[in-house]
Amino acid sequence: MIRTEIPECKTSDCRDHVAGKSKYCKVHKKIARENWKRNVMEQEAERAERYERFARIADEAYEAGLQAAKACTPNVMIVTDPRTGHAYEPVTEGPCGFAEIRFAGNTSFGHWAKKNLGARKAYGRGVYLWVSMFGQSHDRKAAYARAYAQVLRNNDIDAWASSRLD
Ligand SMILES: [Zn+2]
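Counting from 1 along the sequence shown, just add 9 to a position and that's the residue number in our numbering.
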């Protein structure tokens, strides 16, 4: 003899049988579904809010970076021909080089930055934002990266600037 027992609703003080494959009775199934939907909507709203905040922080960081790059006085480089001793036009933008802003990729900001700022996976850990502005000026690029990273840190996003001479 096959005896099928319909389990009781998961709600602790409910003695009704479950509805179909649900863990709840008909009434509580509906309530559970509404709660779940509300939860999803709340999470989506929270994410949207977080992403708006990231966009504001990125704007602020960009502005701070520009200011810092503008205010930076590169070390003027005097290049002389080692053979003749001839001095070329001084390189007023200082030495050539590269700079980037590094931060973790596996955070909410990291994911957002990959999609919205073009952050790329770095060798080693984390991701980076490449500084493509200011020609080849190492000093200006580095100043931009430092100011940018500082704004991220001010907003509790662990970030650091990295630069190197060409
Ligand atoms: Zn119930």
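Heads up, the beta-carbon is just placed ideally off N, CA and C, and yes, glycines get one too.
query	result
List, from N- to C-terminal side, the alpha helix (DSSP H) runs of 4 residues or more that fit wholly inside the segment 47 to 131.	117 to 125
Is it the case that the CB of Y33 approaches a heavy atom of ligand 1 more closely than 8 Å?	yes
For K174, list the residues DSSP reports as bridge partners.	Just to set this straight, residue 174 is Leu in the shown sequence, not Lys. In the DSSP output, where bridge partners are listed per residue, L174 has G106.
D68: which of A122, N48, H37 and R47 sits nearest, CA to CA?	A122
Applying the criterion that 16 or more other CB atoms from any shown protein chain within 10 Å of the CB defines a buried residue, is P91 buried or exposed?	exposed
In angstroms, rounded to a whole number, what distance separates the CA positions of Y157 and G135?	16 Å
So which of A70, V85 and F143 has the shortest CA-CA distance to L126?	A70
Thinking C-alpha only, which one of A154, I166, K30 and G29 is nearest R173?	A154
Does the Cβ-Cβ distance between I87 and N164 come in under 9 Å?	no
Per DSSP, V36 is paired with what?	Paired residues: none, contrary to the question.
Whose C-beta lies closer than 6 Å to the C-beta of K19 among residues of the same chain, with five residues either side of it excluded?	K32 and Y33
Could you give the C-beta distance for R111 and A168, rounded to a whole number, given that I count them as a contact under 8 Å?	7 Å
In its own chain, which residues sit with a C-beta less than 8 Å from the C-beta of K150, not counting the 5 before and 5 after it?	A78, G106, F107, A108, V140, M142, F143 and S172
What residue does the alpha helix (DSSP H) around V136 start on, and which one ends it?	Here V136 belongs to no alpha helix (DSSP H); instead the beta strand (DSSP E) covers V136 to W139.
Would you decide whether G133 is buried or exposed? Buried here means 16 or more other CB atoms lie within 10 Å of its CB.	exposed
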